[in-house]
Amino acid sequence: MIAVSMLNRDNLIKKAVLIGNKGKIIENARSTSTDMDCIDIIDIENDKVDRKYRDAYQKARNLSVLEGERLDEAMMDPVIVGALILSLGEVEGFIGGLQTITADILSTGIQIIKADRRIGVVTSLCLIQTEDKSIGEDGFFLIADPIVNRDPSVGVLCKIAEASARFAREFLKIKPRIAFLSYSTRGSGIGKSVDKMRIASERSKTYMPELIIDGELQFDAAVMPDIARIKAPDSPLEGRANILVFPNLNAANIGSKLIRIFGKAKLIGPIIYGLNKPYNDISRGADESDVYDLAIITQLQHK
30 MIAVSMLNRD NLIKKAVLIG NKGKIIENAR STSTDMDCID IIDIENDKVD RKYRDAYQKA
90 RNLSVLEGER LDEAMMDPVI VGALILSLGE VEGFIGGLQT ITADILSTGI QIIKADRRIG
150 VVTSLCLIQT EDKSIGEDGF FLIADPIVNR DPSVGVLCKI AEASARFARE FLKIKPRIAF
210 LSYSTRGSGI GKSVDKMRIA SERSKTYMPE LIIDGELQFD AAVMPDIARI KAPDSPLEGR
270 ANILVFPNLN AANIGSKLIR IFGKAKLIGP IIYGLNKPYN DISRGADESD VYDLAIITQL
330 QHK
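Counting with our numbering, you get residues 30 to 332 for the letters of the sequence shown.
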C-alpha cells in the first residue's frame, strides 16, 4: 500500500487494482494515508468475481463446464484473478508474490498470459544498480536467469542471451555486452558446465554477430577491467559486460542476492520476460521501495 501511495504521489500511476479482502485493503490505505481515489478493489473473499473472469479462466485452462468446483477455487486466488484481469486488458501490468511463492506466480503466468512466441523463451532478469559507475553500463547490469530456467541447455542459454539483449536494447536503451559466466575463464577449469557456457557463447556470437559476446568467463573477469587484463587479455568485453548469463538458476539466484546484500547494490526484479503482457514476480522479502522500482519497470514493458 505504501508503494501505491508513492507511485501515485509521483504521478507514475493513475489507478492501482488491489485484489484481496476489501476491509483489510481499506484499513491499510487509511493507515498509510493512501488516496482511495487511486485504488480499485476486487474483493475475492466476500464478493462473487465477475463471470467474465470465470469464462476467461475456463478458456485459458481448457476446463469443462462441469469443473465448477475447480473454477470456484481459482476465483479465490488473487494471483489467478490478477492474471485474468491483465489478460483481458483491464490493467497494463501485474505484480504479485509478496504472499505467493515464485513457482505459483510463474505457472499462473504461463497458463494464462501465455508465452510470446516472438521472444522464444520465458526467462527472468534482475536489474542491478551499483554505485560504482565503472561496472557494467554506468553502474547498471542485467543478471539472467534467477527464477525460471533451472538448468538451461546450450540452446536455452542462447535464447536467454537473445532475450536479455532484446530487453536491454528495447527498455534500457543500451548496447548489450554479454558474458557467459562460469567458474572457469577461457579453459582455466574443466567440466560439463564449463563446456556448456563456452559452447553457448560461441553459438550466440553466430546468432548475434553485431554484439560483443564472450565466455566462458569468471565473474570478476567479466565485470572488472583490471582482472580481465590478467585472466582474459584478449576478451572483446575487456571486463565491461552489462549482461551476465549464469549457468543455472542456483548460481543466478544466489549471485543476485549476494550482490544485493554484500555489495550494497539496488536489485530491481526479478523481471519476468517472454510473456505476452507485463507480468512480474516480487520477492516475499521485498519492501515498498522494491515494489516501487519494479512497478516502473513493469510500466516500461507495457506497449
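Backbone N, C-alpha and C fix where the C-beta goes; we use that ideal spot for every residue, glycine too.
With contact defined as three or more Cβ pairs closer than 8 Å, the stretch 201-217 and the stretch 242-251 are in contact. Counted as a single uninterrupted DSSP element, the beta strand (DSSP E) harbouring F169 occupies residues 169-173.
Listed as beta-bridge partners of A45 by DSSP are I68. When DSSP states are grouped into helix, strand and coil, K306 belongs to the coil group.
Between R289 and L296, the gap from beta carbon to beta carbon is short of 8 Å. By the C-beta criterion, the stretch 172-183 is judged to be in contact with the stretch 266-282, since at least 3 inter-stretch pairs fall below 8 Å. Spanning the alpha carbons of D316 and L127 requires a straight line of approximately 9 Å. Three or more Cβ pairs drawn from the stretch 79-87 and the stretch 108-118 lie within less than 8 Å of each other, which places the two stretches in contact.
Judged by DSSP in its simplified three-state form, L273 adopts strand.
For the pair A294 and M237, the CB atoms are not nearer than the 8 Å cut-off. For A58, the enclosing alpha helix (DSSP H) starts and ends at 51-60. M226 has its alpha-carbon roughly 31 Å from the corresponding atom of G314. Per the C-alpha coordinates, the member of G168, E191, I73, G244 positioned closest to V151 is E191. Spatial neighbours of F196 in its own chain (CB-CB distance under 8 Å, excluding positions within 5 residues in sequence) are listed in chain order as L154, L171, I300, Y302. In the three-state DSSP reduction, R146 falls in the coil class, being neither helix nor strand.
Here D322 has K295, I297 as same chain residues with Cβ atoms under 8 Å from its own Cβ, once five neighbours each way along the sequence are excluded. The three-state secondary structure of E166, taken from DSSP, is strand. Secondary structure remark: continuous beta strand (DSSP E) runs of at least 3 residues inside the stretch 196-274, in chain order: 206-210, 241-246, 272-274. Note: T152 is bridge-paired with Y302 in the DSSP secondary-structure output.
Sequence-distant partners of L92 (beyond 5 residues in either direction) whose C-beta falls short of 7 Å from its own C-beta, in its chain, are R99, L100. For I288, the enclosing alpha helix (DSSP H) has its first and last residue at 278-291. Annotation: S34 to S62 spans about 8 Å, alpha carbon to alpha carbon. Boundaries of the alpha helix (DSSP H) harbouring G111: 107-116, taken from the DSSP string.
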